[in-house]
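A quick write-up on the structure given underneath.
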Amino acid sequence: MRGALAVLAFCGCAGSVSVERPAGQLRPKSVALIDFVSTPNVARRADVEISIWAGCIAAAVELDIRPVDYSYVGRTLGHRADTLVRGRLEMQPGRRGSATGIMTLELISTREEVTLAKAVMKLDAGDPDLAGRLACRALLDPGAK
Amino acid sequence: VKPLAILLLVAGCANVRIIDTRAAARSFTRLAVPTASTRGRNEFQLLHDGCASAATALGKTVVETFDSPDLIVSFTYAYDNTELGSVGSLLATLVDPFAGTIVRAVELDSPSASINARDAGYQACRGLIEGNKK
Numbered sequence: 001m002r003g004a005l006a007v008l009a010f011c012g013c014a015g016s017v018s019v020e021r022p023a024g025q026l027r028p029k030s031v032a033l034i035d036f037v038s039t040p041n042v043a044r045r046a047d048v049e050i051s052i053w054a055g056c057i058a059a060a061v062e063l064d065i066r067p068v069d070y071s072y073v074g075r076t077l078g079h080r081a082d083t084l085v086r087g088r089l090e091m092q093p094g095r096r097g098s099a100t101g102i103m104t105l106e107l108i109s110t111r112e113e114v115t116l117a118k119a120v121m122k123l124d125a126g127d128p129d130l131a132g133r134l135a136c137r138a139l140l141d142p143g144a145k
Numbered sequence: 001v002k003p004l005a006i007l008l009l010v011a012g013c014a015n016v017r018i019i020d021t022r023a024a025a026r027s028f029t030r031l032a033v034p035t036a037s038t039r040g041r042n043e044f045q046l047l048h049d050g051c052a053s054a055a056t057a058l059g060k061t062v063v064e065t066f067d068s069p070d071l072i073v074s075f076t077y078a079y080d081n082t083e084l085g086s087v088g089s090l091l092a093t094l095v096d097p098f099a100g101t102i103v104r105a106v107e108l109d110s111p112s113a114s115i116n117a118r119d120a121g122y123q124a125c126r127g128l129i130e131g132n133k134k
């Protein structure tokens with residue numbers, strides 16, 4: 001069944017999440033948060049990124065997965081987390097606390113450096129904090145329904 | 001009195017969210033402020049000053065990162081459309097330097113106004129140190 005994709009859908013006021021992951025993915029023990037990738041010609045929304053981080057930390061805590069400080073660990077100790085989440089945002093301009101656009105989060109194994117799962121979420125003036133929480137919950141929990 | 005006055009001034013200006021982990025309860029005395037992640041202008045020093053005031057007021061010893069801290073504070077902040085010396089959003093994390101694990105996180109966000117960076121640092125670190133009071 002390796003390579004087969006499971007597609008899940010989450011609904012919430014922040015938008016819906018679709019997740020792709022190989023069958024048999026295990027729940028990580030720890031996750032480093034988060035490395036956002038710059039997209040050419042797309043302005044970064046630092047306020048949105050920060051809220052997504054906070055939401056993702058909350059999701060990890062809810063799932064009993066240890067959140068690891070990526071910047072600190074990356075510089076000083078090397079990767080102690082077994083996974084990290086990398087994000088890509090294609091956001092439209094908007095007021096702080098609100099996000100419209102596409103958010104993609106990838107769960108990456110720090111040992112094998114392969115993508116374990118990918119979540120895509122369309123945001124329509126949604127709360128980025130809630131979006132981060134829902135997307136990371138879907139991403140980190142293989143048993144999510 | 002001074003820290004209380006600062007807290008009263010900033011109360012109501014920002015949304016504050018505290019995220020506790022299971023490891024959050026462990027006691028500590030030596031806090032390094034801050035390290036690593038920043039994005040933006042020179043509000044960094046003001047965040048540091050505010051955080052150090054909160055830590056001192058709450059009985060913690062502020063030390064350098066290399067001086068054997070029990071825990072370390074890390075800041076990431078956004079400054080979109082804010083005045084110099086202010087931040088719009090802030091994520092402060094309390095990190096266990098041995099495990100690299102985030103022990104507690106505090107998110108500050110101000111939908112309509114800038115938050116003075118020193119006050120933001122104070123508020124964030126007060127939340128980091130005190131956590132969710134029951």
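Taken in sequence, the protein lines are chains A and B.
Under our numbering, the residues of the first sequence are numbered 1 to 145, in order.
Under our numbering, the residues of the second sequence are numbered 1 to 134, in order.
For every residue, glycine included, the Cβ atom is placed at its ideal position computed from N, Cα and C.
{"Query": "In chain order, what residues of the same chain have a beta carbon less than 7 Å from the beta carbon of residue 68(A), not counting five sequence neighbours either side?", "Result": "30, 31, 32, 80, 81"}
{"Query": "Can you list, in chain order, the residues of its chain whose CB lies under 6 Å from that of residue 17(A), leaving out five sequence neighbours each side?", "Result": "10, 119, 121, 134, 135, 138"}
{"Query": "According to DSSP, is residue 77(B) part of a helix, a strand, or is it coil?", "Result": "strand"}
{"Query": "Taking only beta-carbon atoms, is residue 129(B) less than 8 Å away from chain A?", "Result": "no"}
{"Query": "Measuring CB to CB, does residue 129(B) end up less than 8 Å from residue 55(B)?", "Result": "yes"}
{"Query": "For residue 42(B), does the count of other Cβ atoms within 10 angstroms reach 16, so buried, or fall short, so exposed?", "Result": "exposed"}
{"Query": "Is the beta carbon of residue 132(A) less than 8 Å from the beta carbon of residue 51(A)?", "Result": "yes"}
{"Query": "My assumption, with CB atoms under 8 Å, is that residue 106(B) sits in contact with residue 92(B). Please give the rounded CB distance.", "Result": "5 Å"}
{"Query": "Residues bridged to residue 118(A) by DSSP?", "Result": "20(A), 106(A)"}
{"Query": "For the region 88-104 of chain B, enumerate the residues whose C-beta is nearer than 8 Å to any C-beta of chain A, in chain order.", "Result": "88, 89, 90, 91, 93, 95, 97, 99, 100, 101, 102"}
{"Query": "Could you give the first and the last residue of the continuous alpha helix (DSSP H) run that contains residue 121(B)?", "Result": "117-130"}
{"Query": "Check the Cβ-Cβ distances between residue 111(B) and every residue of chain A, and say whether any is below 8 Å.", "Result": "yes"}
{"Query": "Just to confirm my understanding: we take residue 128(A), look at its own chain, exclude 5 residues before and 5 after, and list those with CB closer than 6 Å. What are they?", "Result": "48, 51, 52, 99"}
{"Query": "Looking only at C-alpha atoms, which of 131(B), 124(B), 132(B), 133(B) sits nearest to residue 14(B)?", "Result": "124(B)"}
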